[in-house]
Amino acid sequence: MTSSDLNQKIYVAGHRGMVGSAIIRNLQAQGYQNIVTRTHAELDLTNQAAVRSFFEAEKPNQVYLAAAKVGGIHANNTYPAEFIYQNLMMEANVIHQAFEAGVKKILFLGSSCIYPKLAPQPMMEDALLTGKLEETNEPYAIAKIAGIKLCESYNRQYGQSYGIDYRSVMPTNLYGPGDNYHPENSHVIPALIRRFHEAKISNAPEVVIWGTGTPRREFLYVDDMAAASVFVMDLDKAIYDQHTQPMQSHINVGFGSDVTITELAEAILKATDYKGQLIFDSTKPDGAPRKWMDSTRLNQLGWFAKVDLNLGLSMAYEDFLRVSVD
13 MTSSDLNQKI YVAGHRGMVG SAIIRNLQAQ GYQNIVTRTH AELDLTNQAA VRSFFEAEKP
73 NQVYLAAAKV GGIHANNTYP AEFIYQNLMM EANVIHQAFE AGVKKILFLG SSCIYPKLAP
133 QPMMEDALLT GKLEETNEPY AIAKIAGIKL CESYNRQYGQ SYGIDYRSVM PTNLYGPGDN
193 YHPENSHVIP ALIRRFHEAK ISNAPEVVIW GTGTPRREFL YVDDMAAASV FVMDLDKAIY
253 DQHTQPMQSH INVGFGSDVT ITELAEAILK ATDYKGQLIF DSTKPDGAPR KWMDSTRLNQ
313 LGWFAKVDLN LGLSMAYEDF LRVSVD
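Everything in the sequence shown is counted per this note's numbering, starting at 13 for the first residue and increasing by one.
See below:
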């Protein structure tokens, strides 16, 4: 990598989020110096005029679009209009105004929820738009699908004439530093880390977990996701094009294998050093029996996850202890 590569201006949208902050850690570790960020207070990405002014002034060489309105099932069910509107506006404004300002490279970060509720497992990229989405996060999923199609449409119309190259990656379930440990609004790993920790502190004899423990889920440490994002962004265009199609250009990013909720809970119990018992309440819903991404395309390109679940959970628990001391 030359010094001129390291000097190019890179805008990371959503730099305070779990993925955005991990992307910045990765770029800085590689020696990139010219990284541009804006907080929500400094730049509202749903405001078209503000986004236009930002891109006209900064003119970055690359954009990592990791900004999004995110939440769990409760939030998605309660605020569906906000989830579809804000995510559509952010990605439409950033992608279009980046194009207008001459930005050649964008990496758009999506979500595994883009795939149909009953997609065959593991979920391959070509499962997109083949069936009904999961109802609770359909608005968010629709917005993320639109982001993929925005990138593809700009490539198809302007790729050759303007030399643009806009790409998309779809992460599996992520965890790690910067996660949300809120008692109601967090995802399964941060929620369980918090519950096991609180049970340990209070000497509670048991922790009750909803469901049978048999559903299988895939989890990827967030710094692995950041590494994969930079890897895909930096791929030679000929190689990227060889492994994708103009109207199916997104790439799955997964760990490569999944675990049962029981196995996950036992691993978190170990990471938090909780000494009590695990109890599964089978009267509560399990959710989908399996959600597993097929990462063959990314593996064929030469990228594999490095952080195994036990190590990742230990580092996630360290992060929880850091942020929970207040």
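Virtual Cβ for every residue (Gly too), placed ideally from N, Cα, C.
Between L39 and G32, what straight-line distance do the alpha-carbon atoms span, to the nearest angstrom?
11 Å
Is Y329 closer than 8 Å to I221 when the C-beta atoms are compared?
no
Residues in the same chain with beta-carbon distance under 6 Å from D191, minus the five sequence neighbours each way, listed in chain order, please.
M30 and P202
Limits of the alpha helix (DSSP H) - the one that R179 falls within:
It is not in any alpha helix (DSSP H) - R179 instead sits in the beta strand (DSSP E) that spans D177 to P183.
Spatial distance of A265 from D236 (CA atoms):
In the sequence on display, residue 265 carries Val and not Ala. V265 and D236: Cα-Cα distance of roughly 9 Å.
I'd like to know if the region 236 to 252 and the region 274 to 292 are in contact, where contact means that at least 3 CB-CB pairs between them fall below 8 Å.
no
Among the residues of its own chain, which have a CB less than 7 Å from the CB of V24, if the five just before and after it don't count?
G32, I35, I36, I47, T49, Y76 and A78
Nearest-angstrom Cα separation, counted from K303 out to I273:
12 Å
If you pair each beta-carbon of the region 165 to 185 with each one of the region 117 to 126, do three or more pairs fall below 8 Å?
yes
Please state the DSSP three-state secondary structure of R206.
helix
Going by Cα to Cα distance, which pick from L130, A110 and D298 is closest to G223?
D298
Is the region 100 to 113 touching the region 48 to 63 in the sense that three or more CB pairs, one from each, lie closer than 8 Å?
yes
Cα-Cα separation between Y170 and H194, rounded to whole angstroms:
43 Å
Tell me, to the nearest whole angstrom, how far the beta carbon of S177 is from that of N167; I am working on the premise that it is less than 8 Å.
The question names Ser, yet the displayed sequence has Asp at residue 177. That belief holds up - the Cβ atoms of D177 and N167 are roughly 7 Å apart, short of 8 Å.
Collapsed DSSP secondary structure at L119 in the structure displayed:
strand
Where does L281 fall in DSSP's three states?
helix
Near the ligand MG: V319 beta-carbon under 7 Å from a heavy atom
The ligand MG is absent from the structure shown, which contains no ligands of any kind.
Output needed for P301: all residues of its chain with C-beta closer than 6 Å, excluding positions within five of it in sequence on either side, in chain order.
P227
Kindly indicate which three-state DSSP category E218 falls into: helix, strand or coil?
strand
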